[in-house]
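The numbering of the sequence shown is our numbering, which starts it at 298 and goes up by one.
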Amino acid sequence: MKDIYFIINPKARNGHCLKIWGKIEAHLKTEQIPYLAFFTEYPGHAKKLANHIAENKNDNEKIIIAVGGDGTIHEVMNGVIKHKNITLGFIPGGSGNDFSRGFQIPSNPLEALDVLLRLMKQEPAFIDAGKMTLEDQSEHYFINNMGAGFDAIISYEVNQSQIKGWLNKLSLGRLVYVYFLLKKLFTYQTATIDLSIDGQKHIFEKTWFVTVSNQPYYGGGMKIAPEAEPDDGQLDITVVHQLARWKLLLVFISVFWGKHIHFKEVKTFKGRVVSIQSATSLYVHGDGEHIGYTPLNIEIQVKGLQVLTRRARKENLDLKEREANGSH
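Here's what the structure looks like:
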């Protein structure tokens with residue numbers, strides 16, 4: 298027996314998420330599927346709700362489905378990461394919805410619900426997560442990616458701005474990132490970053506940003522880490538440095554197709570333990586949410602989460618390849 302819980306962010310996408318929940322609820326009632334629903338009331342509430350559900354002891358498997366944006370799944374994941382009896386699901390109701398892209402959940406909410414209900418009948422996928430430890434020793438986790446520098450300050454300003462709400466009303470929410478990128482492009486001061494990856498040290502001067510990814514997408518569909526796999530036991534690191542301001546626009550355009558990695562100013566790595574330090578404090582985001590500032594350490598949590606996803610798991614792909622080649 299699996300207990301199904303929904304955590305809904307009614308303010309996601311300027312309140313549109315509440316309409317989405319109305320359709321989901323009607324479908325659940327029509328299909329006579331038992332569930333419990335909780336609504337978030339303030340930032341950080343989803344984390345508290347998820348943790349409360351996880352700590353509620355019973356013998357049933359628990360499935361928590363976040364209905365909202367990437368910030369909602371980020372909070373829910375942070376609430377359950379230390380509990381092994383929880384499987385996570387996601388129904389996109391925000392403006393970015395990078396989790397649904399990376400984990401192949403339909404953008405249509407009712408289609409997403411049907412997919413999740415089917416996936417519940419199977420074994421959940423075990424995926425990796427990233428753990429960030431800040432200078433004050435506070436711990437934060439990410440499921441999609443984290444970033445330090447230019448992308449983090451853009452995320453911060455986007456989330457603080459009323460412009461995002463206006464654009465969401467026009468179904469143009471993704472353009473808010475373009476607006477703030479152009480706004481900050483000519484005033485942002487690049488920094489020297491000391492980057493350590495699995496003990497190997499790198500120094501990058503005039504660095505725009507560093508991202509550490511668990512899956513390819515961020516920022517509303519940008520393919521920042523094209524080769525990232527959420528279950529390969531490694532994190533994908535992307536560094537953009539020594540880049541002229543005008544050229545950053547070319548990199549920005551190309552990132553939607555994952556072609557930015559071919560620029561000489563873009564460096565990519567893979568690793569399990571990452572340290573980011575800088576002479577001046579840089580903004581840090583986790584899944585697009587403001588977390589704090591550099592310095593910080595990041596380490597992978599291998600297969601630390603159970604999720605409902607249609608994304609083919611690496612071991613399944615390897616098995617199919619062996620079967621196709623006729624090997625046993």
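The C-beta atom is built at its ideal place from N, Cα and C for all residues, glycine as well.
Computed from a prediction, not measured in an experiment: that's the story for all the values here.
DSSP-derived helix/strand/coil call for residue i
{"i": "His-380", "result": "coil"}
{"i": "Arg-339", "result": "Checking the sequence, you will find Tyr at residue 339 rather than Arg. Here Tyr-339 sits in coil by DSSP."}
{"i": "Thr-484", "result": "coil"}
{"i": "Ile-305", "result": "strand"}
{"i": "Glu-372", "result": "helix"}
{"i": "Thr-327", "result": "helix"}
{"i": "Glu-358", "result": "strand"}
{"i": "Glu-612", "result": "Low local confidence applies: a pLDDT of 45 at Glu-612 is under 50, so the model's placement there is unreliable, and no value is given."}
{"i": "Glu-352", "result": "helix"}
{"i": "Ala-347", "result": "helix"}
{"i": "Glu-322", "result": "helix"}
{"i": "Ile-521", "result": "coil"}
{"i": "Asp-395", "result": "helix"}
{"i": "Gly-530", "result": "coil"}
{"i": "Gly-312", "result": "helix"}
{"i": "Leu-605", "result": "coil"}
{"i": "Asp-367", "result": "helix"}
{"i": "Tyr-515", "result": "strand"}
Contact test: residue i Cβ vs the ligand SAH heavy atom, cutoff 7 Å
{"i": "Val-599", "result": "With respect to the ligand SAH, the structure offers nothing, as it holds no ligand at all."}
Whether residue i touches residue j by CB criterion (8 Å)
{"i": "Thr-384", "j": "Gly-446", "result": "no"}
{"i": "Ile-550", "j": "Val-571", "result": "no"}
{"i": "Phe-335", "j": "Tyr-302", "result": "yes"}
{"i": "Leu-602", "j": "Met-417", "result": "no"}
{"i": "Val-475", "j": "Val-455", "result": "no"}
{"i": "Gln-598", "j": "Ala-422", "result": "no"}
{"i": "Val-373", "j": "Ile-361", "result": "yes"}
{"i": "Leu-532", "j": "Val-507", "result": "no"}
{"i": "Gly-391", "j": "Ile-305", "result": "no"}
{"i": "Ile-534", "j": "Phe-566", "result": "yes"}
{"i": "Ile-378", "j": "Tyr-438", "result": "yes"}
{"i": "Leu-431", "j": "Leu-593", "result": "yes"}
{"i": "Ser-626", "j": "Ile-490", "result": "As shown, the chain starts at 298 and ends at 625. That puts residue 626 outside it, with no answer to give."}
{"i": "Phe-387", "j": "Ala-363", "result": "yes"}
{"i": "Ile-321", "j": "Leu-414", "result": "no"}
{"i": "Gly-555", "j": "Pro-527", "result": "no"}
{"i": "Phe-477", "j": "Gly-518", "result": "no"}
{"i": "Pro-406", "j": "Ile-330", "result": "no"}
{"i": "Glu-358", "j": "Asn-382", "result": "yes"}
Cβ shell of residue i (< 7 Å), same chain only, five flanking positions each side left out
{"i": "His-557", "result": "Val-548, Ser-551, Val-563"}
{"i": "Val-412", "result": "Ile-402, Pro-403, Arg-607"}
{"i": "Gly-568", "result": "Ile-494, Asp-495, Gln-531, Leu-532, Ile-534"}
{"i": "Tyr-590", "result": "Ser-578, Leu-579, Tyr-580, Val-581"}
{"i": "Arg-398", "result": "Tyr-514, Gly-518"}
{"i": "Thr-487", "result": "Lys-503, Thr-504, Trp-505"}
{"i": "Ala-309", "result": "Gly-365, Gly-366, Thr-369, Gly-390, Gly-391"}
Residues of its chain near residue i, where Cβ-Cβ distance is below 6 Å and the 5 sequence neighbours each way are ignored
{"i": "Asn-348", "result": "Gly-376"}
{"i": "Ile-450", "result": "Tyr-580"}
{"i": "Ser-452", "result": "His-582, Gly-585"}
{"i": "Arg-608", "result": "Phe-400, Gln-401"}
{"i": "Asp-395", "result": "Asp-367, Asn-441, Tyr-514, Tyr-515"}
{"i": "Leu-325", "result": "Tyr-332"}
{"i": "Gln-539", "result": "Lys-503, Glu-562"}
{"i": "His-371", "result": "Asp-584, Glu-586"}
{"i": "Lys-498", "result": "none"}
{"i": "His-380", "result": "Ala-351"}
{"i": "Thr-369", "result": "Asn-306, Ala-343, Ala-363"}
{"i": "Val-536", "result": "Phe-501, Val-507, Lys-564"}
{"i": "Gly-444", "result": "Phe-506, Thr-508, His-582"}
{"i": "Asp-448", "result": "Phe-506"}
Cutoff 8 Å; reference residue i; Cβ partners in own chain excluding five residues on either side
{"i": "Lys-639", "result": "In the structure displayed, the chain extends from 298 to 625; residue 639 sits before or after that span and is not available."}
{"i": "Asn-355", "result": "Asp-300"}
{"i": "Glu-436", "result": "Lys-428, Met-429, Thr-430"}
{"i": "Glu-618", "result": "Because Glu-618 carries a pLDDT of 48, less than 50, the predicted location of this residue cannot be relied on, and the following value inherits that uncertainty. Hits under 8 Å: none found."}
{"i": "Tyr-339", "result": "none"}
{"i": "Arg-542", "result": "Leu-482, Phe-483"}
8 Å Cβ cutoff, residue i in contact with chain C
{"i": "Lys-567", "result": "Within the model displayed, chain C is absent; a lone protein chain is all it includes."}
Beta strand (DSSP E) runs contained entirely in the region 400-466, provided each spans 3 or more residues:
Complete beta strand (DSSP E) runs here, min 3: 422-431, 436-439, 442-446.
Counting Cβ pairs closer than 8 Å, one from the region 481-492 and one from the region 512-526, do we hit at least three?
Touching, no.
Could you give the uninterrupted runs of the beta strand (DSSP E) lying entirely in the region 535-600, keeping only those of 3 residues or more?
The region 535-600 contains these whole beta strand (DSSP E) runs: 563-568, 570-575, 580-583, 586-590.
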